[in-house]
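In case it helps, the working numbering puts the sequence shown at residues 23 to 214.
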Amino acid sequence: MIKVVSGVILAGDVCGTERADERAFLVVEGQSLLHRQIKEMKSLCAEVTIVTNHPQPFLRHVDRDIRIISDYYAGQGILSGMHAGLALARYPDVWMLGCHMPHPSAAAASLLLLWRREGYDAVIPLIGGRIYPLHGIYDRALSEPIGAMLEEGHTDVEYLLQQIHWLKLKEPTFRSNRIDSRFVRTVPVREL
């Protein structure tokens, strides 16, 4: 199988603390979340990029084939990280993942990818009545409209979703494809 997907792990600062999201280094089943994510992404993606404005902690933990980039619009939240990852992605389809998700699923991302190729700007899982934009597949071309939104002061993912053609992929679709919905679980922020 030829890999033509870019993978982006968002590892920005935690709740405005201007510190790297340390959840990426938590160990689950003997492996850090970061390494679990990179391994799973590499099974689908031709490239993996980490977006963080605090690269030092990540440099010690990843191989040279993993790119580490910073936001163009530092301090603007998730949309800023998404913008940077999309702007520098090599491939039109981009699997976006939050660094706080311990059970990423290439199978789920592959299913989202099939639907994105139906003409959607993004395909995002809807599990338990909630959308999970940080385990979605996005069109790289969204970097331009996201950049324009950030320039205008819009930093909310909900605002982005109001502006684009996207699909909620519902839980029964994952179940019918034998994909466990735990891929959307997250590790909560601890007191730092």
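Even glycine gets a Cβ: it sits at the ideal position worked out from N, Cα and C. All values reported here derive from a predicted model rather than from experimental measurement.
The alpha helix (DSSP H) that contains residue i, what's its start and end?
i       : result
Pro-77  : Element bounds for Pro-77: n/a, residue is neither H nor E.
Lys-61  : 55 to 64
Ala-33  : Careful: Ala-33 lies outside any alpha helix (DSSP H) and carries neither H nor E.
Leu-164 : Per DSSP, Leu-164 belongs to no alpha helix (DSSP H) and is neither H nor E.
Would you grab the beta carbon distance between residue i and residue j for me? Rounded to a whole angstrom, and I think it's under 8 Å.
i       : j       : result
Leu-172 : Tyr-95  : 5 Å
Gln-184 : Pro-167 : Gln-184 to Pro-167, Cβ: 11 Å. No contact.
Gly-169 : His-105 : 6 Å
Ala-130 : Leu-66  : With a Cβ gap of about 10 Å, Ala-130 and Leu-66 do not count as contacting.
Gln-59  : Cys-121 : 7 Å
Just to confirm before moving on: does the CB-CB distance between residue i and residue j stay below 8 Å?
i       : j       : result
Thr-208 : Met-123 : yes
Ile-159 : Trp-117 : yes
Val-27  : Leu-156 : no
Lys-190 : Leu-133 : no
Excluding the 5 residues preceding and the 5 following residue i in the sequence, name in chain order all residues of the same chain whose CB lies nearer than 6 Å to its CB.
i       : result
Gly-150 : none
Ala-109 : Ser-165
Output needed for residue i: all residues of its chain with C-beta closer than 7 Å, excluding positions within five of it in sequence on either side, in chain order.
i       : result
Gly-103 : Leu-32, Gly-34, Val-73 and Asp-93
His-176 : none
Lys-192 : Leu-148
Following the continuous beta strand (DSSP E) through residue i, name the residue where it begins and the one where it ends.
i       : result
Thr-177 : Segment: none, Thr-177 is in no beta strand (DSSP E) and carries neither H nor E.
Ala-144 : 144 to 149
Met-118 : 115 to 120
Thr-71  : 69 to 73
Arg-89  : 89 to 91
Leu-191 : 188 to 192
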